[in-house]
Each structure stands twice: as C-alpha cells, then as structure tokens.
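If you want my numbering, it's the position in the sequence shown, counting the first as 1, plus 1. Glycine included, every Cβ here is placed at the ideal spot set by N, Cα and C. The structure appears right after this line, and notes come after that.
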Amino acid sequence: MPWNLNGTYLESCNCDVVCPCTTSGLTAPADHERCQVTFAFHVDSGNVDGVDVSGRNVAVFVDAPRVMADGGWQVAVYLDASADDSQAAALGRVFCGEAGGPMAALTPLIGKVLGVERVPIEYRDDGRHHAARVGDVIDVEIEDQVAPQFGADGPVMHLTGMFHPANSTLAIARSSRARGGGVYGRSWDFSGGNGHSAPFAWSA
C-alpha cells in the first residue's frame, strides 16, 4: 500500500562543519575515527498502510566506519512513546527500511540493528534553531548558519545537490548542544560539531 510522510528533520554528527561524509555522498573519510550521527524527524502529516502517523517523532542513531560507504553501520531506532501500537509498527517499517523509500536505500549499508525502542521524543523547530530530546539518551540542539557578513537576520547557508535520505538541499548548521549517553554503550559530547536541517517529503 502506498505511504507518505512530510515533516522536518535535524541531524547532528561528530564531524567538523561542514561534514565531509555529506558533501562526498558518503565516500570521503569522516573527520574522526568513526562517523556517529543522530537523525531526528518530526512528521507533520503522514499515512502508512492506512495508519495516520501525523505529529509523531522518530530518531535514528548511526555508528559507522570512517568511510560510510564501506557499510557495516550499527543503527539504533527510537520511536515516539506517544505513538500507539499501530503507529509505532507503521513508523518502524518505514524507518527500518522495510516499507521502501529513502531508508530502504540505506539498508545495504547496515551491518547490525542495535535495537528498536519506544521512548519519549521531544522535537522543536524555532526559526534557525532545531532541537530534539530522545528519552534520556540523546539531547541535541543545532543552529542553522548565516554568513557573518549578513548579520543574524541574513539568509541561511545551504548545501544543494546532496545524496541524502532527507533532502537534496540541506541547511548548514552547528550544534550548540549534542550529547548522548547510554546508547548501547556509547556516550559522547559533540557540541560545536556539524549539523543539518531540512524539510522532508517521503513516499513509496
């Protein structure tokens, strides 16, 4: 059955700004020994197999080799605790790649699914600021970047023509807060690192 999701997303990783993984289509080495990235999604409107999933949130954490195109990703999926059983199952199919669409295109790169959990997820868009809190394990806030010559109210800088599951055009952002703890044995503080934000529109 056809499905569709529309909403906004944010991303935070341990690379410097701008991330070489993003700008190379996953073929350039990350800035550090491994690439660790959190994607958070807010679904403004969506229907999966007849189930309305509007207003729900999902987060995906990826721990990948330095060259992401090499595969062997370890992935954790977090589903919104406010979703009922049918919504959680529907979102799980999409974000685990079982229902086709952009996430399915990435499944050949995944070596291990660490787990799929239902946790409270708070997601916020506020102008150039975007934030997500995933249970008590991930806490991220990013700010879309403006060239200093234009001042605080200038246009946000973007990357275009990207190979990326969320959108081919991404805002360039920097994390003001990017912390994780207890993510299947992983803890970090990537504050000040790379970030992106964009609307997304998926269907299959």
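Query                                                                                                                : Result
Inter-residue spacing [alpha-carbon to alpha-carbon] between Y10 and A133                                            : 10 Å
Meets three-Cβ-pair contact criterion under 8 Å: the region 137–148 and the region 169–185                           : yes
Contact set for S55: own chain, Cβ-Cβ below 7 Å, skip 5 residues either direction                                    : V44, D45, S46 and G47
Candidates M69, F62 and N7: closest to S188 by CA position                                                           : F62
Neighbourhood of G73 by C-beta distance below 6 Å, restricted to the same chain and skipping five residues each side : P66 and G112
Pairwise C-alpha distance: P3 and S13                                                                                : 30 Å
N- and C-terminal bounds of the alpha helix (DSSP H) containing D86                                                  : D86 to F96
C-alpha distance - D153 paired with Q146, whole-angstrom precision                                                   : It is worth fixing the name first, because residue 153 is Ala in this sequence and not Asp. Distance between the alpha carbons of A153 and Q146: 9 Å.
T108 - DSSP class collapsed to helix/strand/coil                                                                     : helix
Classification of S176 by the beta-carbon crowding that lies within 10 angstroms, buried from 16 upward              : buried
Endpoints, alpha helix (DSSP H) assigned at T24                                                                      : P21 to T24
Beta strand (DSSP E) segment containing E12, residue limits                                                          : N5 to C14
Own chain, CB closer than 8 Å to A29, minus 5 neighbours either side, in chain order                                 : P21, C22 and V68
Rounded distance between the beta-carbons of V49 and R94, thought under 8 Å                                          : 7 Å
Sequence-distant residues of its chain with Cβ nearer than 6 Å to L6 (five each side left out)                       : V44, G47 and W203
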